[in-house]
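K.L.:
Next up is a structure, given as structure tokens.
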Amino acid sequence: GQQLNQSPQSMFIQEGEDVSMNCTSSSIFNTWLWYKQEPGEGPVLLIALYKAGELTSNGRLTAQFGITRKDSFLNISASIPSDVGIYFCAGLTYKTSGTYKYIFGTGTRLKVLA
Amino acid sequence: EAGVVQSPRYKIIEKKQPVAFWCNPISGHNTLYWYLQNLGQGPELLIRYENEEAVDDSQLPKDRFSAERLKGVDSTLKIQPAELGDSAVYLCASSRPGTGATQYFGPGTRLLVL
Numbered sequence: 007g008q009q010l011n012q013s014p015q016s017m018f019i020q021e022g023e024d025v026s027m028n029c030t031s032s033s034i035f036n037t038w039l040w041y042k043q044e045p046g047e048g049p050v051l052l053i054a055l056y057k058a059g060e061l062t063s064n065g066r067l068t069a070q071f072g073i074t075r076k077d078s079f080l081n082i083s084a085s086i087p088s089d090v091g092i093y094f095c096a097g098l099t100y101k102t103s104g105t106y107k108y109i110f111g112t113g114t115r116l117k118v119l120a
Numbered sequence: 009e010a011g012v013v014q015s016p017r018y019k020i021i022e023k024k025q026p027v028a029f030w031c032n033p034i035s036g037h038n039t040l041y042w043y044l045q046n047l048g049q050g051p052e053l054l055i056r057y058e059n060e061e062a063v064d065d066s067q068l069p070k071d072r073f074s075a076e077r078l079k080g081v082d083s084t085l086k087i088q089p090a091e092l093g094d095s096a097v098y099l100c101a102s103s104r105p106g107t108g109a110t111q112y113f114g115p116g117t118r119l120l121v122l
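For the record, the sequence lines run as chains A and B.
FYI, our numbering numbers position 46 of the first sequence as 52, with every residue one higher than the one before it.
FYI, our numbering numbers position 102 of the second sequence as 110, with every residue one higher than the one before it.
Dropping the structure here:
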């Protein structure tokens, strides 16, 4: 099935470092979302972005909806060990005509070294 | 508020056997989704329900997969017969009425087909 392109695929960083990851698509989306998934659990929504250019924060996390509506970025500042997990982007297009696309990215695996 | 409940959490079966997964969404969430997550990849939508109606089942392999949500609450996803390639995590999610941007995921059922 279709998946959005995420990079990097994996990251090993030191505690306290900042992290940046991005997600790109060949399609335009109306909404961009970022999820975190930990082992044995389902994804948990971190941030939702609803407008091109929007910049939204959730604690140490900041995400941006790309101007072209084909990409999004997630930054984590001052990483801590509990940030470990897989981060997924997702793009949503929803129209009243019935068109519905909810596509996840390939994931970025983050490991934080204490 | 209780989260999305899925059972079983793990299932091991031999190929050609049938298998069923159960999902109980968050109370008041009329939209329910089933996703397939292969190892190392993001979730892929299989089917989306609005109440008891399957409004999008275009990605459901209908030759062996079936789903139902008879009373618009709980849902069951079935595979018959299972194949080796069906080994994956099957995630259920639910959302409130609307675009479904904010989805709440269950922990998933991990299926291993031998």
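Cβ coordinates follow ideal geometry from the N, Cα and C atoms, glycine included.
All of these numbers come straight from a predicted model, not from anything done at the bench.
#1: Quick check: the Cα distance between F35/A and I86/A, rounded to an integer number of angstroms?
#2: May I have the straight-line CA-CA distance separating K107/A from Q14/B, to the nearest angstrom?
#3: Sorted by chain position, which residues of the same chain lie with C-beta nearer than 7 angstroms to W38/A's C-beta, five sequence neighbours on each side aside?
#4: Using DSSP's beta-bridge definition, name the partner residues of T114/A.
#5: Indicate whether A28/B and T107/B have their beta-carbon atoms separated by less than 8 angstroms.
#6: Can you tell which of Y43/B, A10/B, Q49/B has the C-alpha that lies nearest to the C-alpha of Y57/B?
#7: Report the rounded CA-to-CA distance for A10/B versus S26/A, giving the unit in angstroms.
#8: Mind listing, in chain order, the continuous beta strand (DSSP E) runs of no fewer than 3 residues lying wholly within the region 50-78 of chain B?
#9: Let me make sure I understand the geometry here. Which of R115/A, V118/A, G111/A, K117/A has the alpha-carbon closest to that of T30/A?
#10: Beta-carbon separation of I109/A and Q8/A under 8 angstroms?
#11: Since E94/A meets chain B, which of its residues come closer than 9 angstroms, beta carbon to beta carbon?
#12: To which residues of the same chain is K23/B closer than 8 angstroms at the C-beta, ignoring the five residues directly before and after it?
#13: Quick check on I132/A: buried or exposed, where buried means 16 or more other Cβ atoms within 10 Å of its Cβ?
#14: Name, going along the chain, the residues of the region 107-122 of chain B whose beta-carbon falls closer than 8 angstroms to a beta-carbon of chain A.
#15: On a Cα-Cα basis, can you pick out the residue from A120/A, K57/A, L61/A, Q12/A that is closest to Y89/A?
#16: Along chain A, in chain order, which residues have C-beta atoms closer than 8 angstroms to that of D72/B?
P.N.:
So, to answer that:
#1: One C-alpha to the other measures close to 31 angstroms.
#2: Cα-Cα distance, rounded: 24 angstroms.
#3: If the five residues before and after W38/A are omitted, its C-beta is found closer than 7 angstroms to the C-beta atoms of L55, F71, S78, C95, G97, all from its own chain and listed in chain order.
#4: Y93/A, per the DSSP bridge assignment.
#5: With respect to T107/B, A28/B sits apart: the two C-beta atoms are not nearer than 8 angstroms.
#6: Nearest in C-alpha terms to Y57/B, of all of Y43/B, A10/B, Q49/B, is Y43/B.
#7: Taking the straight line joining both Cα atoms gives about 33 angstroms.
#8: If only complete runs of 3 or more residues are kept, the region 50-78 of chain B shows the beta strand (DSSP E) at 52-58, 61-64, 73-76, in order along the chain.
#9: For T30/A, the closest C-alpha among the options R115/A, V118/A, G111/A, K117/A is that of G111/A.
#10: Yes, the pair counts as a contact, with Cβ atoms nearer than the cut-off.
#11: The displayed chain sequence assigns Phe, not Glu, to residue 94/A. Scanning chain B for C-beta atoms nearer than 9 angstroms to the C-beta of F94/A yields G50, P51, reported in chain order.
#12: If we look at K23/B and ignore the five residues flanking it on each side, its Cβ neighbours are P89, A90, E91, L92, V121, L122.
#13: Any question about residue 132/A goes unanswered here, given that chain A covers just 7 to 120.
#14: Hits within the stretch, in order: T107, G108, A109, T110, Q111, Y112, F113, G114, P115, G116.
#15: The displayed chain sequence assigns Asp, not Tyr, to residue 89/A. Cα-wise, what sits closest to D89/A is A120/A.
#16: The residue asked about is misnamed: residue 72/B is Arg in this sequence, not Asp. Neighbourhood of R72/B in chain A, by CB distance below 8 angstroms: empty, with the nearest CB roughly 16 angstroms away.
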